[in-house]
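Asks: Those sequence lines, one after another, are chains A and B.
Going by the working numbering, the first sequence opens with residue 789, and the numbers climb by one from there.
Going by the working numbering, the second sequence opens with residue 789, and the numbers climb by one from there.
Backbone N, C-alpha and C fix where the C-beta goes; we use that ideal spot for every residue, glycine too.
Owing to the predicted nature of the structure, the values given are computational and were not obtained by experimental measurement.
2 protein chains.
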Amino acid sequence: MSWAEGFIAVDWGTTNRRGYLVEADGRMTDEFEDDRGILAVGEGGFPEALNQISERLGDRPLLLAGMIGSNRGWIEAPYAPCPAGLPELAAGLQWVEPGRVAIVPGVSYLAGNRADVMRGEEVQILGAFGDGLVPADALICHPGTHNKWIRLDDGRIGAFRTVMTGELFNLLREHSILADLLREPARVDAAFERGVAHGLDKDDLSAELFSVRARVLLGQARREEAASYTSGLLIGTDLRIGLGEGGDDDVVVMGRPELTSLFAAALRIAGRGAREVDGEQAFLAGCRHLVELIR
Amino acid sequence: MSWAEGFIAVDWGTTNRRGYLVEADGRMTDEFEDDRGILAVGEGGFPEALNQISERLGDRPLLLAGMIGSNRGWIEAPYAPCPAGLPELAAGLQWVEPGRVAIVPGVSYLAGNRADVMRGEEVQILGAFGDGLVPADALICHPGTHNKWIRLDDGRIGAFRTVMTGELFNLLREHSILADLLREPARVDAAFERGVAHGLDKDDLSAELFSVRARVLLGQARREEAASYTSGLLIGTDLRIGLGEGGDDDVVVMGRPELTSLFAAALRIAGRGAREVDGEQAFLAGCRHLVELIR
């Protein structure tokens, strides 16, 4: 079967993968998610892991994106350097099986002392642009384990910066002296707002984190507030760095809704407009646009 | 036996403990270290854990300092608030067995939005002052899992601030996406110097950490440099926060020599004089001075 008759798109990450069946007319008619991320599959296991997808969703050409193309994935798809748009991604596809199985390259950014990489977010960002959900020039915030701030310039990824906010929060919650204080889910509440304000205003993250515990020990804050405050503190710090990437317009916040809502709330506390875009919809849009360029 | 005939001093931390036999003339004549920190002993186990110390070092009065006095230790010794000197610590001793077994209180600091606590470092700091190793007014840096910056005012702890540098480095090395890059020991080399300079100059720690990996992936830095650079970056960030605690004189760096040497090197890169004081000697001095106040 050819790409024009429909295809399978896979967002293949480090710990999970999501597969989607896309029909010839662009509708997504079937999907699945499992825990067969690249670490669970491991070297040598990818042909069989791909067969499982075909058995699950049907015999169609496959477009694979995310960490599957990293040096810990199946076959390395070299990064497309900035500026990178949909044509650059299509030109950089790594063909595992010519005409039938392709891996989307990530995007790299080098300028002066700055160095950065992404894998997976580029499909969402350029897909949202391709579908008109994001203007050609925009500042995009893409929260996740590694939050990305992306400058879209004339419809291409011109520059971007990664802030390790999600990973730092997870490390603190799972392994640090703050672990017992961070079990509650973070919410957008007064403690979150105070945390965001501190992070936006002060550049003392690695000290303020310890204060979270000290305040509880000294009766200056309630235990129940710690998770929301700490989440706000990390996100406010993230915004202080990311908003430096420029622009005055509304920020587009793209990704999983439970994360985009936290970042959008923090942006409004920072006095910036925020518009949320669902990451899954953007991913499917990106895959459709890439397939249009290769079919 | 009375305190005047000699005593046992114990630095009882979260994961380890160190015991010292101090003779009537102040000489330390025996010592041991083991992994019976408070987490390993656990609730109910402390009387027996104390007996082991007496069996090992002899039947003397015992002065216990560190996390043993925390809410996760044996008996909570309430924090002495700043300003706190040797007399305030002696007055705040928590007597487990009257006249024979005492726990040293920690120190707390509250001012405006600032809240902080320490347990264990106060004995070293005030001991070093008591022995004339630190002037009555000084800025002290005490690296460890939680680095402390202490203002000594007229021989008392006037204010202090904790930066989670050591814990953050350990979290990154053991559990993060940088783990495979941080296996080498950190050294004072050109990469360390670049990291310190970045941390002193820029307030983007949570973004710069990701760049460490990106630079290696993009061939802009060697893997072997990552541990020293990251250590320098965290310490430089720490110095930027801690040096804000004031003073122009040499900074006294106190603690374990392998850590004080890194921080002293970073201070010199920052253009500040640094003088190292051995934490173990300072701890024993502090215990002797406290015993003089109670015997």
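Identify the residues that DSSP records as bridge partners of A:THR950: which are they?
Replies: A:LYS936
Asks: For A:LEU959 and B:GLU996, what's the separation of their Cα atoms in angstroms?
Replies: 17 Å
Asks: In angstroms, rounded to a whole number, what distance separates the CA positions of B:ALA967 and B:THR1018?
Replies: B:ALA967 and B:THR1018: Cα-Cα distance of roughly 11 Å.
Asks: Rounded to the nearest angstrom, how far is the Cβ of B:TYR867 from that of B:VAL905, given a contact under 8 Å?
Replies: Yes, B:TYR867 and B:VAL905 are in contact; Cβ-Cβ is about 6 Å, under 8 Å.
Asks: Looking at the strands, I want to know which residues DSSP matches up with B:GLY794.
Replies: B:GLU811
Asks: May I ask you to report which of helix, strand or coil DSSP gives A:VAL1040?
Replies: strand
Asks: Answer yes or no: do B:ALA916 and B:LEU851 have a C-beta to C-beta separation smaller than 8 Å?
Replies: no
Asks: Give the residues of chain A in contact with B:ILE965, contact being defined as C-beta atoms less than 7 Å apart.
Replies: Neighbours of B:ILE965 in chain A, taken as residues at a C-beta separation under 7 Å, are given in chain order as GLU955.
Asks: Check the Cβ of B:MET855 against every Cβ in chain A and list those closer than 8 Å, keeping chain order.
Replies: Going along chain A, no residue has its Cβ under 8 Å from B:MET855, so there is no contact; the nearest lies around 11 Å.
Asks: Considering only the beta carbon of each residue, do B:GLY918 and B:GLY1043 sit closer than 8 Å?
Replies: With contacts defined as CB atoms closer than 8 Å, B:GLY918 and B:GLY1043 fail to qualify as a contacting pair.
Asks: By alpha-carbon positions, which one of A:GLU1012, A:GLU1033, A:PRO849 and A:TRP800 ends up nearest to A:TRP937?
Replies: A:GLU1033
Asks: Which complete beta strand (DSSP E) runs does the segment 1032-1079 of chain A hold, if anything under 3 residues is left out?
Replies: 1039-1043 and 1062-1066
Asks: Going along the segment 988-1001 of chain A in order, which residues come within less than 7 Å of chain B, judged by CB to CB distance?
Replies: ASP991, ASP992, LEU993, SER994, ALA995, LEU997, PHE998 and SER999
Asks: Check whether the segment 820-840 of chain B touches the segment 854-862 of chain B, counting contact only when three or more Cβ pairs, one atom from each stretch, lie closer than 8 Å.
Replies: yes
Asks: Would you verify that the beta carbon of B:VAL922 is, or is not, closer than 8 Å to some beta carbon of chain A?
Replies: It does not; no Cβ of chain A falls within 8 Å.
Asks: Against chain B, with Cβ distances strictly below 8 Å, would A:ASP904 count as a contact?
Replies: Yes, because at least one Cβ of chain B sits closer than 8 Å to the Cβ of A:ASP904.
Asks: Is the segment 968-982 of chain B touching the segment 998-1017 of chain B in the sense that three or more CB pairs, one from each, lie closer than 8 Å?
Replies: yes
Asks: Between the alpha carbons of B:GLN1008 and B:LEU969, how many angstroms are there, rounded?
Replies: 14 Å
Asks: Please determine, among A:VAL1079, A:VAL1039, A:ALA1002 and A:GLU972, the residue with the shortest C-alpha to C-alpha distance to A:ILE928.
Replies: A:VAL1039
Asks: Smallest Cα separation from B:ASP1036: which of B:ALA903, B:LEU1047 and B:LEU1055?
Replies: B:LEU1055
Asks: Our contact map puts A:GLY880 next to A:PRO871 with C-beta atoms below 8 Å; I'd like the distance itself, whole angstroms only.
Replies: Between A:PRO871 and A:GLY880 the Cβ distance is about 13 Å, and since that is not below 8 Å, they are no contact.
Asks: Under three-state DSSP, which class holds A:SER896?
Replies: strand
Asks: Taking only beta-carbon positions, decide if B:ASP1026 is within less than 8 Å of chain A.
Replies: yes
Asks: Less than 8 Å between CB atoms is the rule here; does A:ARG1011 satisfy it with respect to chain B?
Replies: no
Asks: Please confirm whether B:SER896 has its beta-carbon closer than 8 Å to some beta-carbon of chain A.
Replies: Interface residue, yes.
Asks: I'd like the span of the alpha helix (DSSP H) that includes A:LEU927, first residue to last.
Replies: Looking at the DSSP string, A:LEU927 is not in any alpha helix (DSSP H); the run it does join, the beta strand (DSSP E), is 926-930.
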